[in-house]
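Numbering (UniProt numbering), first residue to last: 1 to 194. Here the structure comes first, spelled out in C-alpha cells, and everything after it is commentary.
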Amino acid sequence: MSGKNTKDQILIIARELLASDGLAAVSFDAIARRLGRTKQAVLYWYSTKHDLLAALFLPWLEAEADIAVQSVSRSSSRDEAIDSFVRAIAAFHLDDLDRFRMMYLLPQTIPPSASEPHSVKLLEKVHPVTDRMYAVLADKLSNEPVAVRQEAFAIHSAVLGLVLMFGLSDRLKDPLKHSASDMIDALIAALTSK
Numbered sequence: 001m002s003g004k005n006t007k008d009q010i011l012i013i014a015r016e017l018l019a020s021d022g023l024a025a026v027s028f029d030a031i032a033r034r035l036g037r038t039k040q041a042v043l044y045w046y047s048t049k050h051d052l053l054a055a056l057f058l059p060w061l062e063a064e065a066d067i068a069v070q071s072v073s074r075s076s077s078r079d080e081a082i083d084s085f086v087r088a089i090a091a092f093h094l095d096d097l098d099r100f101r102m103m104y105l106l107p108q109t110i111p112p113s114a115s116e117p118h119s120v121k122l123l124e125k126v127h128p129v130t131d132r133m134y135a136v137l138a139d140k141l142s143n144e145p146v147a148v149r150q151e152a153f154a155i156h157s158a159v160l161g162l163v164l165m166f167g168l169s170d171r172l173k174d175p176l177k178h179s180a181s182d183m184i185d186a187l188i189a190a191l192t193s194k
C-alpha cells in the first residue's frame, strides 16, 4: 500500500468510525486494526487525534466554500446571490448529514482542554476559508463592508440551522411536517426582498 493510499485509508476508516460509533471510537489502535497496520503507521501520518480530525474537517470546509463561491459567482443581484447560496449550501449538507454533523456538531463535543493546544493552528487554516466563503456572498449584498460580512455570516448560520433541524429529524426518525425544498424556499423568502 503506497503512502498516499495509506494516508487516505486512515481518513476513510476514521470517517467510518466517527459515523458509526462517535468520537470515542476513533483511536489510533482502532484505525490500525482496521487498516491491518501498526499504530505507529497511523501515527506516522497523523501524530495527534486533533491532526487527524483536522485532516477530515478542512477538506470538507474547503469544498463547502468552493460550492458557495461557485454558486454566488454567477449571481447578478442580491436576491439571486442569496437564493443561489442558500440552495447550494443546503444541498451540500443535506446530501451528507453525517459529514454535516462531523463538521458543525462534533467540534462542539470536544472538551476545551483536549483541543486548545491545536486550535490556533487549525483556526489559522479555517479563517481564510470562511473569509473566502463570506466575502463572495458579501460582495453581492451591498457596499457596507462590516454589515455585509455580518449578513453573510447570518445567512450561512440560518442555512446551517435549517440543516440542523433536518439532521435532528433524520436521527430521531421523526420527519418534519415540511419538505426540505419547501423549507429552503421559505428561508430564501425570509432572507430576500419582499
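Here a beta-carbon is modelled for each residue, glycine too, at the ideal position from N, C-alpha and C. Note that the structure is a prediction, hence the values are computed from the model and not measured.
Within 8 Å, strictly: CB atoms of residue i and residue j
i	j	result
W60	R99	yes
T109	L43	no
A65	R132	yes
V26	K49	yes
S157	V148	no
K39	D51	no
L137	A190	no
I13	W45	no
S181	P175	no
Neighbour flag for residue i against chain C, beta carbons, 8 Å
i	result
R15	Going by chain labels, chain C is absent from the structure shown, which holds only one protein chain.
Neighbourhood of residue i by C-beta, 8 Å cutoff - its chain only, sequence neighbours within 5 removed
i	result
V159	F85, V86, I89, A90, H93, L187
E62	V129
F153	Y134
I184	V86, R87, A90, L162
H178	A186
Residue i burial status per 10 Å Cβ neighbour count (16 or more: buried)
i	result
A81	buried
E151	buried
L123	exposed
L105	exposed
K140	buried
L172	exposed
Cβ-based neighbour list, residue i, same chain, cut-off 6 Å, excluding 5 preceding and 5 following
i	result
T192	D79, I82
Neighbourhood of residue i by C-beta, 7 Å cutoff - its chain only, sequence neighbours within 5 removed
i	result
A19	D98
K125	L58
G167	L97, F100, R101
Limits of the unbroken alpha helix (DSSP H) element including residue i
i	result
A158	145-172
I184	180-191
A91	78-94
T109	106-109
| said: Using a Cβ distance threshold of 8 Å, determine whether the region 70-79 contacts the region 26-37, with at least three qualifying pairs required. | reply: no
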